[in-house]
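All remarks here apply to the structure that follows.
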Amino acid sequence: VTVGASFGASRDLRFKHLETSLEFGFPQGNGDVFAFTEPVNSAFQHCIPQCTPAKSVGPRISVILWGRLERPGVLWKPER
Numbered sequence: 006v007t008v009g010a011s012f013g014a015s016r017d018l019r020f021k022h023l024e025t026s027l028e029f030g031f032p033q034g035n036g037d038v039f040a041f042t043e044p045v046n047s048a049f050q051h052c053i054p055q056c057t058p059a060k061s062v063g064p065r066i067s068v069i070l071w072g073r074l075e076r077p078g079v080l081w082k083p084e085r
């Protein structure tokens, strides 16, 4: 799973389908969170396009977290 949080100036989260080249996006405002799973990650390229200084609307920080399952249905198994 991929989870991201955006803080600061608004930007677009863009997706491009790898087979059809269909492109679409979602605005990411201050405090917005997004998440997607492996099937989305495999089928689409995704990015937040870089802005030129002339188009920049202010500072922004993005926090991204990745996670994966070791086995289907098992997030974590404590050691004994």
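For this note's numbering, count along the sequence shown from 1 and bump the result up by 5.
Note that the Cβ used here is the ideal one computed from N, Cα and C, for glycine as well.
Remember, predicted model here, so these are calculated numbers, not experimental data.
- DSSP places V45 inside the alpha helix (DSSP H), whose first and last residues are E43 to A48.
- Across the structure, L18 and V62 are spaced so that their CA atoms are roughly 15 Å apart.
- For C52, the closest C-alpha among the options G72, D37 and E28 is that of E28.
- For A10, the enclosing beta strand (DSSP E) starts and ends at T7 to G13.
- Secondary structure at R16: strand, using DSSP grouped into helix, strand and coil.
- Around F31, the same chain offers L18 as residues with beta carbons nearer than 6 Å, after the five sequence neighbours per side are excluded.
- For G36, the closest alpha carbon among the candidates P58, W71, R65 and K21 is that of R65.
- Scanning S11, V8 and L23 for the CA closest to the CA of S47 turns up L23.
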